[in-house]
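Trainee: Here it is, the structure in full.
In our numbering, the protein residues as written are 218 to 360.
Structure follows, in structure tokens:
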């Protein structure tokens, strides 16, 4: 299998109400995970679900373990409520510029990470609400 660079340019805004999780229940909680969207569900996006309000100033870092120079890892949010700051070639930080109301779902699409024909690449989100990661390899794709 040949090496590949994953480049994704998909932006979607979605709002849901009443989403809960027993593990993160409380007046202020975020549930971190991922969804698969796009043609044939082929695009992995991290999701941040507000289970209660998420305060302004909350942060999340999206990162990868591998890039292919000269490319830099990138991640885009589907919400104008998150501002991004590059931390390094392999990570981007998102900061909530306003409170995310209960039930709000924000999706972040990572791109420009490297998946080699051998080994694996992890892509992760961590911050307010915990952490979540997915693994890509020549034989494994989270979608």
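For glycine and all other residues, C-beta sits at the position ideal for the given N, C-alpha and C.
All values reported here derive from a predicted model rather than from experimental measurement.
1. How many Å lie between residue 326 and residue 270 at the Cα?
2. Taking residue 356 as the reference, give the member of 347, 336, 342 with the closest Cα.
3. List the whole-angstrom C-beta distance separating residue 288 from residue 329, where the pair is believed to meet the contact cut-off of C-beta under 8 Å.
4. Is the beta carbon of residue 273 closer than 8 Å to that of residue 321?
5. Per DSSP, what are the beta-bridge partners of residue 299 in this structure?
6. Select from 252, 309, 279 the residue whose C-alpha is nearest the C-alpha of residue 358.
7. Decide if residue 249 is buried, meaning its Cβ has at least 16 other Cβ atoms within 10 Å, or exposed.
8. Can the beta-carbon of residue 312 be found less than 8 Å from the beta-carbon of residue 300?
9. Quick check: the Cα distance between residue 351 and residue 341, rounded to an integer number of angstroms?
10. Spatial neighbours of residue 343 within its chain, please: C-beta separation below 6 Å, excluding the five flanking residues on both sides.
11. Have a look at residue 292 and residue 309 and give me their C-alpha separation to the nearest angstrom.
12. Helix, strand or coil for residue 274 per DSSP?
13. In terms of residues, what are the limits of the beta strand (DSSP E) holding residue 291?
Mentor: Let me spell this out:
1. Translated into the one-based positions of the chain shown, residue 326 becomes position 109. Translated into the one-based positions of the chain shown, residue 270 becomes position 53. Taking the straight line joining both Cα atoms gives about 22 Å.
2. Working through the chain shown from its first residue, we reach residue 356 at position 139. The candidate whose alpha carbon is nearest that of residue 356 is 336.
3. The sequence position of residue 288 within the chain shown is 71, counting from 1. The sequence position of residue 329 within the chain shown is 112, counting from 1. With 8 Å as the limit, residue 288 and residue 329 qualify as a contact, their Cβ atoms being about 5 Å apart.
4. As a first step, residue 321 must be located in the chain shown, where it is residue number 104. As a first step, residue 273 must be located in the chain shown, where it is residue number 56. No. Outside cutoff.
5. Position 82 of the chain shown, counting from 1, holds the residue named residue 299. Per DSSP, 313.
6. Within the chain shown, the letter at position 141 stands for residue 358. Ranking the options by Cα distance to residue 358, first place goes to 252.
7. The sequence position of residue 249 within the chain shown is 32, counting from 1. If you draw a 10 Å sphere on the C-beta of residue 249, you find 16 or more other C-beta atoms in it, and that means buried.
8. Here residue 312 corresponds to residue number 95 of the chain shown, with the count starting at 1. Here residue 300 corresponds to residue number 83 of the chain shown, with the count starting at 1. In this structure, residue 300 lies closer than 8 Å to residue 312 by Cβ.
9. Taking the first residue of the chain shown as 1, we reach residue 351 at position 134. Taking the first residue of the chain shown as 1, we reach residue 341 at position 124. Taking the straight line from one Cα to the other gives about 6 Å.
10. Your numbering for residue 343 matches position 126 in the chain shown. Annotation for residue 343: 278 place their beta carbon closer than 6 Å to its own, counting only its chain and skipping 5 residues before and after.
11. The residue you call residue 292 lines up with position 75 of the chain shown. The residue you call residue 309 lines up with position 92 of the chain shown. C-alpha separation (whole angstroms): 7 Å.
12. Numbered from 1 along the chain shown, position 57 holds the residue referred to as residue 274. Residue state, collapsed to three classes: coil.
13. Counting from 1 along the chain shown, the entry for residue 291 is found at position 74. Residues 291-294.
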